[in-house]
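Below: one structure, written as structure tokens.
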Amino acid sequence: MLDNKKLPLVAYFCMEYGLESNFKMYAGGLGILAGDYLKAAKDLNVPLIGIGIKWKQGYSDQCIGDDGTPYDSYHNYTYDFLEDTGIKVTVKIRNRDVVCKVWKIEKFRNNPIYLLDTDIPENNGEDRWITGQLYGWFKEERIAQEIVLGIGGVKLLRELGLNIDVYHFNEGHAVLAALELIKEKMQSGYSFEEAWRQTREEVVFTTHTPIIQGNESHTIDALGYMGAFNGLNREQMVRIGGEPFNMTVAALRLSRKSNAVAQLHAETANKMWKTTSGRSEIIGITNAIHVPTWVDERVTKAYEIDGDIWKAHMENKKELIAFVEEKNGVKLDSDKLLIGFSRRAAPYKRSDLIFTKEEIIAPLLKSGKVQIVFSGKGHPLDDTGKKIVGKLEKMTKEYPNSVVFLQNYDMNIGRALTRGADIWLNNPRRPLEASGTSGMKAAMNGVLNCSILDGWWPEACQHKINGWQFGDGFESDNVEELDKHDCDALYDVILNEVIPTYYENKEKWIEMMKTSIKSTREYFSMNRMIEEYYEKLYIK
Ligand SMILES: *Cc1c(COP(=O)(O)O)cnc(C)c1O
């Protein structure tokens, strides 16, 4: 247990926070993790505050058009529960002063989060849009957002007069904060080298994406033009982030210690950044979830008193079925197996893997023996992702009574699905899924994971005991070979394990549900994760 009196004060920087479904400050897993983290910080009463951005329009709403393809739309949101701190900080972007108003949010039983907002009359029209859309733009506009988060974030901490011991960058977006820390030290007389060295002692970093292209980089010219050098020269910038300037590389070089978000991901990340000189060590601290946010109390209660866990599960399942009927007009059957799947629509997640062999899957879907509820968004600027969504939507037309796609994935959908499905399917190309926290939500709700051994699952999986793995951890650079291998393995486990157990051995199923909860509810709870962050990253 942590001794709260001696803990360092931590400022946690993140581009997005998923605190509540309709508070649209999040896009996906990164934000959910950050929101859960700040809630658990409150539960445990640890000295940690969040820094983020107040998004005018949040992330895109992605719905399915009449032609069956997804389209994005943006809306202005206003919230009456944000507290005006009265603080304003100014950052220089494109050689203009941009004023950022600071809001504070602690309404969701979370430790305070300070949100920077440029949509105020002091700024010109272009600058007011810097905090317009979360991940809405690339290049210059993204750099502007990152200047606000990083440099604006440090300035706001100074205004608050807090003595921050540790600056935690959750993902590389916040890395410019370190340039402000360096600048402060150089202004008080230290050399660049010494300022960098001292800054490194204060910074820790969490890396999230095992996909090379997912690690954002910018040209040095663009950074210079936008004003992101923050007083450093070109050569110093290149030494920090390379050319082009990679945000992850920079964060690894500006931090004392880093972590990946699962043990397998730590191995992957260390391989990925093996040749990066002067970087911090990357350890593994596995992600977790805020249990009160995601886990159904009826299930927990039934588990704790050894009560009727099936009954509690069926209540959740019926609620999900009612939710689906209300949204899509499809009435699923509560006595038939229900598979839940919701992921960001990215190719490596292979959302449509289960449809690969029609001769196998079609009879199961037509008879209703298998029902699948999908959800997920593609990135608004990624046509491949949108094609995947379009393909899933097409499947709902082919199997109208047993395949459903819930549009505009958000926390409410995530909650309903990870409570009400019977199994939670996950079939990424290993090792590209960093963590996969939705599986933890499912596991603690007694929803059995059926997953590739990727992300968190290798740490939890007891095959046929608390869920199932398939694929045996196979990896291959030959994508066709890998997909074929995993697809065969998926059908094998569904046909020979999941379906027979569900329909013919409910007793074993229920036993597995209990083991699923038992084996995950402590280790994958946010409380464990916070303790590990303090013990392994924050406390020296
Ligand atoms: C839990 C959750 C996620 C993260 O889950 P993954 O397993 O990483 O995909 C993303 N979005 C929403 C809305 C969630 O509830």
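Going by numbering that gives the first Met the number 0, the sequence shown opens with residue 0, and the numbers climb by one from there. Just so it is clear, CB atoms sit at the ideal spot from N, CA and C, and this is done for glycine as well.
Only counting the same chain, and skipping five residues up and downstream in sequence, which positions put a Cβ closer than 6 Å to that of residue i?
i      : result
Gly375 : Ser341, Arg342, Arg343, Ala344 and Tyr408
Asp482 : none
Ala442 : Asn448, Ser515 and Thr519
Lys23  : Gly57 and Tyr76
Phe523 : Ala287 and Met439
Phe404 : Phe373, Leu391, Glu392 and Thr395
His484 : Phe473
Glu105 : Pro111
Pro69  : Gln61, Ile63, Lys385 and Val388
Asp334 : none
Pro457 : Leu263
Cutting at 7 Å between CB atoms, please list the residues of its own chain near residue i, excluding the five before and the five after it.
i      : result
Pro430 : Pro209, Leu263, Thr267, Asp453 and Glu474
Gly67  : Gly389, Glu392 and Lys393
Glu314 : Arg297
Trp195 : Ile181
Thr247 : Gly171, Thr206 and Asn214
Glu540 : The question about residue 540 has no answer, for the chain in this structure spans 0 to 539.
Glu530 : Leu1
Ile538 : Pro7
By the DSSP assignment, the alpha helix (DSSP H) with residue i in it spans what residues?
i      : result
Lys41  : Gly28 to Leu43
Ala249 : Met246 to Leu253
Ile239 : Arg233 to Gly240
Glu325 : Ile308 to Asn327
Ile464 : Unbroken run through Ile464: none, as it is neither H nor E.
Thr299 : Glu296 to Glu303
Ala265 : Gln262 to Met271
Cys13  : Cys13 -> no alpha helix (DSSP H), and no H or E assigned at all.
I need the straight-line Cα distance from residue i to residue j, nearest angstrom please.
i      : j      : result
Gly277 : Arg252 : 6 Å
Ile211 : Val402 : 33 Å
Gly470 : Val101 : 48 Å
Ile142 : Asn444 : 40 Å
Val369 : Gly306 : 28 Å
His96  : Gly413 : It is Asp, not His, that sits at residue 96 in the sequence shown. The straight-line gap from Cα to Cα measures roughly 40 Å.
Gly230 : Cys460 : 50 Å
Glu200 : Gly171 : 17 Å
Asp351 : Ala176 : 40 Å
Glu358 : Asp491 : 14 Å
Val446 : Met511 : 9 Å
Tyr78  : Ser72  : 19 Å
Gln406 : Arg157 : 42 Å
Ala221 : His312 : 53 Å
Gln235 : Asp487 : 51 Å
Pro379 : Ser59  : 7 Å
Lys4   : Asn123 : 45 Å
Asp116 : Ala227 : 18 Å
Ser279 : Ile52  : 27 Å
Leu43  : Ile284 : 18 Å
Ser20  : Ala415 : 12 Å
Glu145 : Lys317 : 43 Å
Ile282 : Val260 : 9 Å
Asn94  : Ala173 : 20 Å
Asp381 : Asn169 : 23 Å
Glu479 : Tyr347 : 12 Å
Ile498 : Met525 : 32 Å
Ile527 : Tyr224 : Residue identity differs from the one stated: residue 527 is Arg in this sequence, not Ile. Near 43 Å, if we compare the C-alpha coordinates of Tyr224 and Arg527.
Met410 : Phe107 : 14 Å
Trp467 : Thr436 : 16 Å
Ser190 : Lys154 : 21 Å
Here's a check: name, in chain order, each residue in its chain whose Cβ is nearer than 8 Å to the Cβ of residue i, leaving out the five neighbours to either side.
i      : result
Glu193 : Lys184
Ala301 : Asp307, Ile308, Lys310 and Ala311
Provide the residue span of the beta strand (DSSP E) that contains residue i, from first to last.
i      : result
Ser374 : Val369 to Ser374
Tyr166 : Val165 to Asn169
Thr89  : Glu82 to Ile92
Asp382 : Counting along the chain, Asp382 falls outside any beta strand (DSSP E), though it belongs to the alpha helix (DSSP H) covering Asp382 to Glu397.
Asp60  : Asp60 to Ile63
Asn448 : Leu447 to Ile451
Asp79  : Note, Asp79: premise wrong, no beta strand (DSSP E); not H, not E.
Pro499 : It is not in any beta strand (DSSP E) - Pro499 instead sits in the alpha helix (DSSP H) that spans Ile498 to Glu503.
Ser401 : It is not in any beta strand (DSSP E) - Ser401 carries neither H nor E in the DSSP assignment.
Gly283 : Glu280 to Gly283
Below 7 Å, is the gap between the Cβ of residue i and the nearest heavy atom of ligand 3?
i      : result
Ile529 : Ligand 3 is not part of this structure, which contains only ligand 1.
Between residue i and chain B, is there a C-beta pair that is closer than 8 Å?
i      : result
Ser366 : In summary, chain B is missing from the structure at hand, where a single protein chain is found.
Check whether the stretch 381-390 and the stretch 417-433 touch, using three or more Cβ-Cβ pairs below 8 Å as the test. Using a C-beta cut-off of 8 Å, the stretch 381-390 makes no contact with the stretch 417-433, since fewer than three inter-stretch Cβ pairs fall below that distance.
- the stretch 10-19 touching the stretch 102-120, judged by at least three CB pairs closer than 8 Å: The stretch 10-19 is in contact with the stretch 102-120.
Three or more C-beta pairs closer than 8 Å, one from the stretch 231-242 and one from the stretch 425-440: is that the case here?
Not touching, per the Cβ criterion.
For the stretch 5-13 and the stretch 31-49, state whether three or more C-beta atom pairs, one from each stretch, are separated by less than 8 Å. Touching, per the Cβ criterion.
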